[in-house]
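Per numbering that gives the first Met the number 0: the sequence shown = residues 0 to 412.
Note that the Cβ used here is the ideal one computed from N, Cα and C, for glycine as well.
Notes follow once the structure below has been shown.
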Amino acid sequence: MKLLYADYILLMDEDFTVLKSGGVVFEKEIIEVSEDREYLKDKFSEAEVIFAPSNSCVMPGLINAHTHLEFSGNRTTLEYGSFLGWLDSVMEHREELVQACEDSCMELALAKMLKSGITSIGAISSLGRDLAVCAKTPQKVVFFNELIGSSPATADVLFADFSQRLENSQYRASPTLIPAIGIHSTYSAHPIVIQKALGLAKSQNLVVSAHFMESKSERRWIDDGKGEFQAFFKSYFNTETPVSDAKRFLDSFKGVQTVFTHCVHATDEEKQAIQAMGATIAHCPVSNRLLGVGKLDLESLKNLELPFAIATDGLSSNISLSLFDELRVALMMHYDLDLRLLAKDLLKGVTKVPAQALGLNSGEIQKGKDADLIVFTLPEQLHSIESLAYHIILHTQEVETVFINGEKSRWNF
Ligand code: MCF
Ligand code: FE
């Protein structure tokens, strides 16, 4: 049993409660949290006491709800600036990129995430090449086996491949490797295979992830069968019409716990439908900027009480997998929102919200939650508690200590 004292303990509850000079008692799970050090000392006198340094903060471990580990080898290979330009470059270089990223490349990506305070990940696995590293990493991984394939002619083969990867992940399932399903997108997965996959999600209670309305091109193609995707589908697949419409696509997720990634070009009606399903949006600000798709309207989500997580996406559309880096970009990108309120919502977006979305028993410091905790320090003393959230975002690069299920986790690089 450990008793960890710190200057600021962020519970990450609904009210953004911060305990000053308090302590957390934990084993595998959190046992007690209090601002009263005397009380904790007396009640848990046998606990190993840890004093975090001055200006220290303790938070729930961060959760990166959407990333693509298999693409971690990308630096300058893929092209940025427009969605279709990026997609063309993925079509051209995908094979060499994923081949070049061996276990050591994905292990480094996971270790860097750990060092930046990420204790859980939603990993979109396109090929299953990341299964072994995800099964070994100390972090919790919700492993989204990706289903892709819009052509009915190849649907059966692609579904069989997807089923096999799903089974492989189920074979390696553990408390830290949670099998799940990823539906690539509206334009790239046929409704028939989507139905089959979501049938599995329902019967086996699996969490689902889907890219949704990322670009204007996706919007035009799905709504009118026009725009940049027209030439793309003609040249790569010799098809002229989209396989689904947006309503049919969204409706198929009813009754499934889903994370919809991007949603930059989702309509208010679609956002309402997502809210009504109890689903969550994953917002990836850097990826959206690099792929030139625009900016998610966070205010519209707030109005609908639709929760959003902040995620990095893969190194296929980012330069970093650190959520602190991502939060800094989000804080600057949404310059029209109140800085103090936004900073608090952003911290919820990497803890409480993704925990709920991915079905993890973490994301908050509360009795009974998993003891996934991070300890880090602010560079100087704080003068107002109101400035805590944005100063954490502005100043944190790496963390001092990570606990996962109460165990200290180390990175080896
Ligand atoms: O989220 C970004 C942009 N939108 C869609 N897909 C991906 C992203 N990062 C990686 N991808 C992968 C996706 O999982 O790229 C491939 C899929 O395997 C695109 S389709 C050839
Ligand atoms: Fe993605």
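So what does DSSP say about residue i, is it helix, strand or coil?
| i | result |
| --- | --- |
| residue 253 | coil |
| residue 153 | helix |
| residue 343 | helix |
| residue 389 | helix |
| residue 124 | strand |
| residue 369 | strand |
| residue 328 | helix |
| residue 375 | strand |
| residue 224 | coil |
| residue 181 | strand |
| residue 215 | helix |
| residue 297 | helix |
| residue 170 | helix |
| residue 210 | strand |
| residue 384 | helix |
| residue 65 | strand |
| residue 202 | helix |
| residue 119 | strand |
Identify the continuous beta strand (DSSP E) that holds residue i and give its terminal residues.
| i | result |
| --- | --- |
| residue 7 | 7 to 9 |
| residue 352 | Careful: residue 352 lies outside any beta strand (DSSP E), inside the alpha helix (DSSP H) at 351 to 357. |
| residue 189 | It is not in any beta strand (DSSP E) - residue 189 carries neither H nor E in the DSSP assignment. |
| residue 308 | 307 to 309 |
| residue 146 | 139 to 146 |
| residue 406 | 406 to 408 |
| residue 113 | Segment 102 to 114 is the alpha helix (DSSP H) holding residue 113; no beta strand (DSSP E) there. |
| residue 401 | 400 to 403 |
| residue 3 | 1 to 4 |
I'd like to confirm something about residue i: is its beta-carbon nearer than 8 Å to some heavy atom of the ligand MCF, or not?
| i | result |
| --- | --- |
| residue 145 | yes |
| residue 260 | yes |
| residue 220 | no |
| residue 168 | no |
| residue 312 | yes |
| residue 68 | no |
| residue 140 | no |
| residue 89 | yes |
| residue 181 | yes |
| residue 394 | no |
| residue 65 | yes |
| residue 81 | no |
| residue 104 | no |
| residue 410 | no |
| residue 165 | no |
| residue 361 | no |
| residue 290 | yes |
| residue 74 | no |
| residue 247 | no |
Ends of the alpha helix (DSSP H) at residue i?
| i | result |
| --- | --- |
| residue 174 | Looking at the DSSP string, residue 174 is not in any alpha helix (DSSP H), and its letter there is neither H nor E. |
| residue 227 | 227 to 236 |
| residue 89 | 82 to 99 |
| residue 132 | 130 to 135 |
| residue 289 | 284 to 289 |
Just to check, is the beta-carbon of residue i closer than 8 Å to a non-hydrogen atom of the ligand FE?
| i | result |
| --- | --- |
| residue 187 | no |
| residue 62 | no |
| residue 210 | yes |
| residue 100 | no |
| residue 214 | no |
| residue 123 | yes |
| residue 133 | no |
| residue 286 | yes |
| residue 316 | yes |
| residue 283 | yes |
Quick one: does the C-beta of residue i sit closer than 8 Å to a heavy atom of the ligand MN?
| i | result |
| --- | --- |
| residue 184 | For the ligand MN, the structure offers nothing, since it holds only the ligand MCF and the ligand FE. |
- Task: Go through the segment 10 to 63 residue by residue and report every complete run of the alpha helix (DSSP H) that reaches 4 residues or more, in order.
- Result: Runs of the alpha helix (DSSP H) inside the segment 10 to 63: 36 to 42.
- Task: Tell me the start and end of each unbroken alpha helix (DSSP H) in the segment 255 to 279 that is at least 4 residues and wholly inside, in chain order.
- Result: Listed in chain order, the complete alpha helix (DSSP H) runs (minimum 4 residues) inside the segment 255 to 279 are 267 to 275.
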